[in-house]
Amino acid sequence: MFDEEGYRKLFVEESRENHENIVSNLLALESGDDQQTAIDEIFRSAHTLKGMSASMGFDAMEHLCHSMEDIFSLIRSGQREVTASLTDLLLTCTDTIEEMLDTIEAGGTPSDEQSGGLVQELRVFTEDAPGEAPVEAIPFEAAGTADGRPLYSLSVAVDPSSTMKDVRAMLLLQNLESIGTILSTTPSREAIEDGKFDGLFEVLIESEAGEDALRTVASGTEISLLALTAASSPAVLPVETREVRPHEAVQEPRVTKAEKNREIKNIRVDIERLDRMMNLVEDLVINRGRLEQIAKKHGIKEFDEALSMVGRSVSDLQNLMMGVRMMPLERIFNRLPRVVRDVANHDGKEVELVIEGGETELDRGMMDGLSDPLLHLIRNGVNHGIETPEIREACGKPRKGSLRLTARRDKDNVVIEIEDDGAGIDPERLRTKGIEKGLMTPDAAATATKDELINLLFEPGFSTAETITDISGRGVGLDVVKKTIESLKGTIKVDSSMGVGTKFELVLPPTMAIIDVMMVHINSMRCAIPISNVVEVAQTRPEAVHRIGTSETILLRDQILPMHRLEDMFGRAQKSDTLVVLQNNGRRCCIVVDTVDGQQEVVVKPLSRLAGNCRGISGITIPGDGDVVPVLDVNTMI
Amino acid sequence: MIRVLIVDDSLFIRTILRDMLKGSPEIEVVGTAVNGIDALEKIAELAPDVITLDIEMPRMGGLGVLEALQGQSTKPGVIVLSTLTSRQADMTHRALRLGADDFMLKPKDVPNVRGIEQELIQKIKNLVLLPTVVKPAATRKREADAVVLIGSSAGGPPMLDTLLSALPPDLPASVVVTQHMPVGFTASLAERLNRVSPLPVKETGNGDVLQTGQILVSKAGYHTVISGILSGSGRSHGRVVHSTAPPLHAVRPAVDVTFTSAARVFGPRTVSVILSGMGSDGGEGTLAVKTAGGTTAVCAEEDCLVYGMARSALSRECVDRVVPLRNLAREITRTVNRLEVDHV
């Protein structure tokens with residue numbers, strides 16, 4: 000009946016949403032907008048997390064969430080203030096929760112080691128709150144002292160007129176024995192039980208039952224308690240070892256899995272399954288191409304019609320699949336305010352992060368890859384871009400720096416911009432650094448344009464930071480960022496002006512798998528060029544080609560374009576006057592091709608690991624006829 | 000067919016609850032709602048017989064739903080699902096006052112603990128099956144001469160519904176129910192039981208004297224120790240003492256503490272019953288009742304979700320009778336009546 004794996008996935012998925020909700024609201028709390036809503040949201044999310052982790056038997060996580068919920072319960076009722084140190088602690092807790100979720104996702108169970116210390120720290124906050132501290136749900140820990148149980152001395156009076164003095168006293172002693180151990184009585188027990196006392200007697204008793212229990216026992220008809228005092232010298236007795244048997248002693252057989260039959264409107268699907276479906280759709284696209292070629296050969300009208308219907312369905316299916324895989328960028332943007340806060344606090348800077356366009360959608364497959372580069376750029380912006388408040392004020396800027404993260408759709412592409420209003424990049428410093436690091440000859444450096452200098456930032460081993468801070472961390476440079484973005488078939492561009500700020504612009508295709516290409520022949524070999532890189536196809540005359548040094552250029556519509564013949568890749572081409580003008584990131588070049596075959600939608604498959612990374616080729620595609628065609632990576636050519 | 004609506008803001012919890020109820024052919028989950036406002040709309044639309052209700056939800060919580068339902072002529076049975084905190088215990092109590100019919104702790108460790116669903120299913124069925132009782136006019140209070148002790152743990156609450164609702168209003172004994180439950184929830188349990196039993200039910204208070212025809216539910220957080228008192232006429236009666244001694248078998252109240260101390264006071268006029276429960280609490284206590292000359296019973300295994308506590312008593316060879324749940328009330332009544340005859 001219970002499908003544990005299924006529950007686990009559902010659990011992790013929903014827990015992550017709640018976790019993100021806590022983090023973003025903690026930050027909202029700190030920024031001071033709409034405190035009450037944020038507190039309510041955090042409380043509710045912590046509560047939900049607690050309930051869910053209890054249901055799954057993840058006790059460590061339950062305890063941690065429970066403690067957080069307790070604190071927010073106090074905050075909600077105004078008994079506690081949100082302080083910076085509390086926020087820090089709570090954020091650490093959210094980190095731990097995230098780690099726990101990772102553990103759970105990997106099939107493990109989080110341990111108390113991960114959270115024990117935090118629970119203690121949180122308890123400090125709940126306990127010094129004024130008013131009543133929340134009672135722990137199940138008080139398992141012994142209330143008694145470690146060595147010897149509490150000792151009490153009781154003075155009891157029996158009504159002297161009672162006819163059953165001895166019986167009453169005896170019953171009292173018996174009752175006391177049911178809640179403790181009587182060490183001595185004055186007068187002696189025998190004397191009391193024989194009625195040989197004047198109505199007053201004293202009992203020294205060792206009991207853990209508490210004063211209230213003793214008081215209740217020692218008072219009643221014709222009996223009254225004169226005094227109850229905690230005795231000063233507790234008897235040192237060996238502590239009896241209590242057998243604490245947790246409930247898991249009972250072994251329960253695992254419940255077998257059963258078929259699912261849920262009528263839920265929204266289902267959560269594993270990304271792997273979506274990937275498999277996507278692969279199938281890709282195969283369909285390939286085979287549709289094949290069918291079209293066969294159809295062309297035979298020219299049967301009915302077949303063509305049927306095929307065009309199939310073709311339309313395949314296109315619809317493909318669009319649908321891509322839509323299903325799309326997720327709003329919020330998913331990764333949501334983590335960033337936390338990063339900005341941490342880095343800014345660490346560096347003693349004041350930074351406001353503005354996020355726009357979080358609803359812009361991107362393929363899920365790219366989302367994961369994008370997360371790290373974005374994180375790096377954001378850190379970079381705070382770390383190196385924005386100045387300290389003092390410097391900012393000296394420059395006449397507001398104390399608080401601003402970091403803008405915007406996402407939008409531009410035609411088919413998704414454009415993400417990270418813009419700071421900081422110091423900007425100093426080209427002169429890049430120039431010296433470039434020479435120092437041996438990335439440029441002094442001659443080249445002297446004539447380098449600002450763009451060329453800025454591009455040095457993306458060279459491996461280049462870092463303008465004076466010191467490597469632990470936060471911008473991991474020793475990853477912008478070169479890695481660039482590589483990652485390129486592996487996603489995206490581009491990165493920097494624009495900076497001194498004293499005004501720096502802007503990084505990422506342009507990403509919405510999906511990596513299926514693109515429109517222009518098919519061309521070069522030296523009788525087929526090659527595909529992503530249509531987004533193609534500017535135009537032009538005819539030229541041999542006399543328009545000029546040689547500059549070892550490279551060729553061509554003057555086309557008053558623009559000088561470098562011309563490539565791709566001979567390394569395809570062998571010497573035959574004489575041809577057809578040019579394809581390519582552009583990437585605003586820069587252009589052209590290549591010589593034999594013929595242009597046309598435009599086609601194809602599935603780009605990555606090169607297998609055996610082939611390794613091949614510069615100039617972003618992948619291969621298999622059009623309908625079963626041929627294997629390389630897809631040109633224009634980015635690396637320019 | 001009992002039509003059930005699940006109200007919870009967590010998809011995960013909703014899924015678990017739905018799966019739990021799937022096992023019962025008499026129950027049909029007709030829908031789910033994600034917050035109070037949604038719940039009220041769905042109640043109007045689907046007319047469920049029973050709803051399971053979460054307390055903390057966005058926009059409108061469980062208490063809001065109960066308030067809105069209060070004025071309505073036809074309303075579904077409500078089972079409140081609660082988590083183990085003192086604040087939630089308080090909320091649960093408020094929910095019962097606002098008209099919730101029953102409560103249950105949110106399922107714990109679902110993948111590993113078998114049979115949690117049975118408790119929920121039984122509670123839902125009880126809601127529909129058990130008629131609300133009309134309390135007879137309060138009889139004159141009288142110190143009890145005999146006591147019926149009931150020990151219960153996991154899986155016990157729905158059994159208590161069945162058992163206590165079948166006791167006769169003129170039972171000539173006091174009943175003490177010791178149910179393992181987190182601190183704060185026993186008041187709700189007593190309130191709930193008070194609605195289904197013809198006898199008045201309340202949570203124990205320190206110093207309460209055991210009275211004939213009254214049911215006491217051990218207050219969680221304390222051991223219920225029964226200590227003896229002598230009435231003016233020289234007869235021995237029992238009184239509740241709340242002890243804060245450390246938990247026994249990791250629980251407080253522990254069944255063993257109540258059973259053992261009550262047996263000492265009531266001797267042969269003690270009747271003990273063990274219902275469903277995990278662990279070994281109750282074994283020593285049942286032995287003490289037997290040794291003192293009392294009558295001991297445990298519920299039959301097929302009616303119990305977990306049989307640990309009953310087995311612990313059976314292994315000590317001190318159990319007079321193993322009784323199916325449906326016969327328990329009759330068996331208890333018969334035994335107590337026989338004591339009464341002997342006594343007079």
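Chains as they are written, first to last, in numbering that gives the first Met the number 0: chain A, 0 to 637; chain X, 0 to 343. Beta carbons: idealized from backbone N, C-alpha and C, even for Gly.
With DSSP run on the structure shown, which of helix, strand or coil describes T539/A?
-> Under the three-state reduction of DSSP output, T539/A falls in the coil class, being neither helix nor strand.
Can a CB atom of chain A be found closer than 8 Å to the CB of L10/X?
-> Yes, L10/X counts as interfacial toward chain A.
Between the C-alpha atoms of T440/A and T446/A, what's the straight-line distance to the nearest angstrom?
-> Distance between the alpha carbons of T440/A and T446/A is about 10 Å.
Between which two residues does the beta strand (DSSP E) containing S314/X stretch?
-> Careful: S314/X lies outside any beta strand (DSSP E) and carries neither H nor E.
Ordered along the chain, which non-local residues of its own chain (more than five positions away) have a Cβ less than 7 Å from that of I619/A?
-> Close CB contacts of I619/A within its chain, under the 7 Å cut and outside five residues either way in sequence, are with K604, L606, V627, V628, P629, V630 (chain order).
Where H248/X falls: helix, strand or coil (DSSP) | In this structure, H248/X counts as coil in the three-state DSSP scheme.
For the beta strand (DSSP E) holding N584/A, just list the boundary residues, first then last.
-> In the DSSP assignment, N584/A falls outside any beta strand (DSSP E) and carries neither an H nor an E.
For E205/A, which three-state DSSP category applies?
-> Looking at E205/A - three-state DSSP - the assignment turns out to be strand.
Does the beta carbon of G206/X come closer than 8 Å to any beta carbon on chain A?
-> It does: the Cβ of G206/X has a partner Cβ on chain A nearer than 8 Å.
Just the Cα atoms here: how many angstroms apart are D108/X and R2/X?
-> Taking the Cα positions, D108/X is about 26 Å away from R2/X.
May I ask you to report which of helix, strand or coil DSSP gives G227/X?
-> In the structure shown, G227/X adopts extended strand secondary structure according to DSSP, grouped into three states.
Please work out which residues of its chain come closer than 6 Å, Cβ to Cβ, to V254/X, disregarding the five sequence neighbours upstream and downstream, and give them in chain order.
-> Counting only Cβ-Cβ distances below 6 Å, and skipping sequence neighbours, we find G150, T177, D280, G281, G284.
Taking Cβ positions only, does R263/X come closer than 8 Å to chain A?
-> It does: the Cβ of R263/X has a partner Cβ on chain A nearer than 8 Å.
What are the boundary residues of the alpha helix (DSSP H) that V119/X is part of?
-> Checking the sequence, you will find Leu at residue 119/X rather than Val. Per DSSP, the continuous alpha helix (DSSP H) segment holding L119/X begins and ends at 115-128.
Taking only runs that begin and end inside the stretch 58-89 of chain X, name each unbroken alpha helix (DSSP H) of 4 or more residues, in chain order.
-> Counting only unbroken stretches of 4 or more residues, the alpha helix (DSSP H) elements lying wholly within the stretch 58-89 of chain X are 61-69, in sequence order.
Using the C-alpha atoms, what's the distance from T431/A back to T448/A?
-> Between the alpha carbons of T448/A and T431/A lies a distance of about 14 Å.
Buried or exposed (CB count within 10 angstroms, at least 16 for buried), R251/X | Under this definition R251/X is a buried residue.
Residues from the stretch 72-90 of chain A in contact with chain B, defined by Cβ distance under 7 Å = No chain B is present in this structure, whose protein chains are A and X.
Could you check how far apart the C-beta atoms of S66/A and V123/A are, in whole angstroms? I think they sit under 8 Å.
-> Their Cβ separation, rounded to whole angstroms, is 10 Å, which puts S66/A and V123/A out of contact at 8 Å.
Any idea what DSSP makes of Q558/A, helix, strand or coil?
-> Strand.
Among residues of its own chain, excluding the 5 on either side of K481/A, which ones have a beta-carbon nearer than 7 Å to its beta-carbon?
-> Correct list, in chain order: F457, I491.
Assigned secondary structure, M326/A (DSSP; H/G/I helix, E/B strand, else coil) | If DSSP states are grouped into helix, strand and coil, M326/A belongs with the strands.
Near P426/A, which residues of its chain fall below 6 Å by C-beta distance, leaving aside the five closest residues on each side in sequence?
-> Non-local beta-carbon contacts of P426/A in its own chain, meaning distances under 6 Å to residues more than five positions away in sequence, involve K449, L452 in chain order.
Which of the residues in the stretch 227-248 of chain X, read from start to end, lie with their CB under 9 Å from any CB of chain A?
-> Of all residues in the stretch 227-248 of chain X, the ones placed with a Cβ closer than 9 Å to any Cβ belonging to chain A are G227, I228, L229, S230, G231, G233, S235, R238, V239, V240, H241, S242, T243, A244, P245, P246, L247, H248, in chain order.
State yes or no: is the C-beta of K396/A within less than 8 Å of the C-beta of D371/A?
-> No.
Name the residue from K140/X, K289/X, I50/X, E27/X whose alpha carbon lies nearest to the alpha carbon of I214/X.
-> It is K140/X.
Pull up the CB-CB distance for H545/A and M636/A, whole angstroms please, since I reckon it's below 8 Å.
-> No, H545/A and M636/A are not in contact; Cβ-Cβ is about 20 Å, not under 8 Å.
Hey, out of S314/A, E416/A, Q558/A, whose CA is closest to T359/A's CA?
-> Each of S314/A, E416/A, Q558/A was checked against the Cα of T359/A, and the nearest Cα belongs to E416/A.
Roughly how many whole angstroms lie between the Cα atoms of R310/X and A287/X?
-> Their Cα atoms are separated by approximately 16 Å.
Could you name the residues of the stretch 43-61 of chain X whose beta carbon sits closer than 7 Å to any beta carbon of chain A, in the order they occur along the chain?
-> The residues in question are E55, P57.
Can you tell me whether DSSP reads I103/A as helix, strand or coil?
-> Here I103/A sits in helix by DSSP.
Proximal residues of chain X, C-beta to C-beta of H46/A below 7 Å | Neighbours of H46/A on chain X, chain order: E55.
Got a sec? Which residues, its chain only, sit under 7 Å from M497/A by beta carbon, not counting five neighbours each side?
-> Taking M497/A as the centre and dropping the five residues before and after it, the same chain places the C-beta of G423, D425 closer than 7 Å to its C-beta, in chain order.
How big is the Cα-Cα spacing for E301/A and S523/A?
-> E301/A and S523/A: Cα-Cα distance of roughly 34 Å.
Three-state secondary structure (DSSP) at I299/A?
-> DSSP places I299/A outside both helix and strand once states are collapsed to three, so it counts as coil.
Residue environment, E262/A, which counts as buried when at least 16 other CB atoms sit within 10 Å = Unreliable placement is indicated for E262/A, whose pLDDT of 43 sits below 50; the coordinate value is still reported in the next sentence. It counts as exposed.
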